[in-house]
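> Dropping a structure here in structure tokens format, bear with me for questions.
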Amino acid sequence: MIKHLLCLTLVALVPAAGCSAATAPLEVRKEAIRQADLVDLMREAKKERVAAMDAEKYAGRRKELIGGFRLRADELKLEAGSLEKALELVTPASSGSRPVPVRVLRASFGGVPSWVVLQKWGRPGKEPAHVKVWVVRVSDQSVLYAASMN
Numbered sequence: 310m311i312k313h314l315l316c317l318t319l320v321a322l323v324p325a326a327g328c329s330a331a332t333a334p335l336e337v338r339k340e341a342i343r344q345a346d347l348v349d350l351m352r353e354a355k356k357e358r359v360a361a362m363d364a365e366k367y368a369g370r371r372k373e374l375i376g377g378f379r380l381r382a383d384e385l386k387l388e389a390g391s392l393e394k395a396l397e398l399v400t401p402a403s404s405g406s407r408p409v410p411v412r413v414l415r416a417s418f419g420g421v422p423s424w425v426v427l428q429k430w431g432r433p434g435k436e437p438a439h440v441k442v443w444v445v446r447v448s449d450q451s452v453l454y455a456a457s458m459n
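Those letters in the sequence shown? Residues 310 to 459, per our numbering, in order.
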């Protein structure tokens with residue numbers, strides 16, 4: 310388990326209702342994050358349930374989630390524009406796998422300020438069963454690391 314995590318919101322991942330700033334699971338980690346921590350985070354995210362979505366529902370849900378995370382980042386005085394760009398990058402609207410961001414951390418990875426985005430994804434019309442983690446540099450939204458777990 311990840312220790313010493315400063316949780317700024319304690320909520321279930323991907324709330325059933327719309328994702329508002331108050332419910333966006335955005336956390337800030339004081340200590341640097343390592344690859345081993347990312348594996349633990351993926352295992353935790355794997356347990357979370359995300360409802361199956363068709364293309365229309367996905368487009369709306371994706372927009373809600375990105376907006377909720379951006380609002381939460383604004384509230385926490387984090388780089389909201391950078392987070393929004395990172396989420397747009399790793400959850401493309403046109404993706405057939407319908408990736409859904411379920412949790413975001415702001416942490417240092419390899420000494421670089423980063424967004425850690427955990428997402429669930431799967432086949433259209435099925436409950437997303439796979440997990441992917443992305444580590445995206447805050448300054449320019451370049452991908453530093455990505456891994457999947459089935």
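Note that the Cβ used here is the ideal one computed from N, Cα and C, for glycine as well.
Look up VAL412 in the DSSP assignment and give the residues it is bridged to.
At residue 412 the sequence reads Arg, which differs from the Val that was named. According to DSSP, which records beta bridges pairwise, ARG412 is partnered with LEU427.
> Taking only runs of the beta strand (DSSP E) that begin and end inside the region 351 to 396, which ones reach a length of at least 3 residues, in chain order?
The region 351 to 396 contains no whole beta strand (DSSP E) run of 3 or more residues.
> In angstroms, rounded to a whole number, what distance separates the CA positions of ASP349 and ALA364?
C-alpha separation (whole angstroms): 30 Å.
> Are there any heavy atoms of the ligand GDP lying less than 7 Å away from the beta-carbon of PRO401, as far as the coordinates show?
For the structure depicted, the ligand GDP is absent and the ligand set is empty, with no information on it obtainable.
> Just reading off the beta strand (DSSP E) that ALA341 is part of, what are its end residues?
Unbroken run through ALA341: none, as it is neither H nor E.
> Whose C-alpha, out of ALA341, VAL409 and PHE418, is nearest the C-alpha of PRO334?
For PRO334, the nearest C-alpha among the options comes from VAL409.
> What's the gap between the Cα of LEU396 and the Cα of MET458?
So the alpha carbons of these two residues sit roughly 19 Å apart.
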